[in-house]
Amino acid sequence: MTELVIRADGICKHYGRGQTRVQVLRGLCFELAAGESVAIMGPSGCGKSTLLNLLNGLIRPDEGTLELFGQPCQGLSDNAWAGLRRTRVATLFQDGNLVSTLNVVRNIAFRAGLAGLEVEPLGLLRALGIAEVAQRYPDQLSGGQRQRAALACAFAVQPELILADEPTGSLDETSARRVMPLFFEAMHERGLTALIVTHNPSLARCCDRVLELSNGALRP
Ligand SMILES: Nc1ncnc2c1ncn2[C@@H]1O[C@H](COP(=O)(O)OP(=O)(O)OP(=O)(O)O)[C@@H](O)[C@H]1O
Ligand SMILES: [Mg+2]
288 MTELVIRADG
298 ICKHYGRGQT
308 RVQVLRGLCF
318 ELAAGESVAI
328 MGPSGCGKST
338 LLNLLNGLIR
348 PDEGTLELFG
358 QPCQGLSDNA
368 WAGLRRTRVA
378 TLFQDGNLVS
388 TLNVVRNIAF
398 RAGLAGLEVE
408 PLGLLRALGI
418 AEVAQRYPDQ
428 LSGGQRQRAA
438 LACAFAVQPE
448 LILADEPTGS
458 LDETSARRVM
468 PLFFEAMHER
478 GLTALIVTHN
488 PSLARCCDRV
498 LELSNGALRP
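Counting from 288, one number per residue, gives the positions in the sequence shown under the numbering used here.
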């Protein structure tokens with residue numbers, strides 16, 4: 288039987304209350320097998336980032352059950368979630384998630400260090416085409432360079448699951464075409480599982496499956 292990395296069943300999530308209440312997810316069900324890559328598409332505001340943040344424990348569902356790596360998440364403490372984020376579940380946030388006071392190389396070393404690993408950042412940066420910005424701080428990078436630096440940080444953690452929120456959103460077509468194969472090569476090499484939110488149809492086509500998030504649920 289294939290090992291499941293994610294099993295979500297009947298997930299509901301809302302924000303706000305009273306007149307500002309927004310029901311975002313309505314009984315979402317979803318399974319992701321080990322080694323699989325799935326693209327999630329859907330219009331702005333439909334709940335894609337919300338879904339990723341439920342899967343990395345930054346927010347909690349109102350209803351439904353979630354299992355990661357075959358373990359129920361319901362009773363997990365904040366510390367246990369933080370441990371998962373440090374080691375097994377890497378999130379590539381929409382706006383990049385680099386430490387502003389560390390340069391790119393140190394960001395990578397820092398993230399690897401949190402997972403108890405040592406890495407050679409320059410090799411990763413070269414492969415991603417941003418070796419020339421290795422010594423720069425995040426505020427000295429373009430949006431696309433920041434996204435690639437964040438990708439280098441995610442790979443440095445050697446996670447089992449990558450949750451990526453529009454990983455090519457700030458990249459021009461040429462850079463996206465350069466970075467996408469690296470992403471999938473790294474995935475296959477390391478046996479990674481990936482859930483990728485994207486508006487980019489060519490990135491979605493590279494994934495094993497494409498799901499549409501609409502009306503708070505996922506469908507093919
Ligand atoms: N912290 C919050 N408080 C209140 N409403 C929120 C909060 N975060 C998100 N929302 C609302 O929930 C809905 C889903 O937001 P989410 O960020 O998940 O959408 P998305 O699909 O990622 O959109 P985009 O493609 O623009 O990134 C939106 O209507 C958004 O305004
Ligand atoms: Mg989003």
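Every residue, glycine too, gets a C-beta built ideally from N, C-alpha and C.
Query	Result
Nearest residue (CA-CA) to D349, options K335, R464, I298, L490	I298
Exercise answer, beta-carbon shell around ligand 2 heavy atoms below 6 angstroms	K335, S336, Q381, D452
Sub-9 angstroms separation of Y424 and V466 beta-carbons	no
Best match in G303, G370, L379 for proximity to S336 [C-alpha to C-alpha]	L379
Any non-hydrogen atom of ligand 1 within 8 angstroms of L411 CB	no
Residue of A320, G305, Y302 minimising C-alpha distance to G478	A320
V484: CB within 8 angstroms of a non-hydrogen atom of ligand 1	yes
Whether L450 touches F317 by CB criterion (9 angstroms)	no
Stretch pair the stretch 351 to 371 + the stretch 397 to 412: three plus CB contacts closer than 8 angstroms	no
Own chain partners of Y302 with C-beta closer than 6 angstroms, once the 5 adjacent residues on each side are dropped	V309
Sheet register partners of F442 (DSSP bridge)	According to DSSP, F442 bridges with nothing at all.
Proximity test, P330 beta-carbon vs ligand 1 heavy atom, cut-off 8 angstroms	yes
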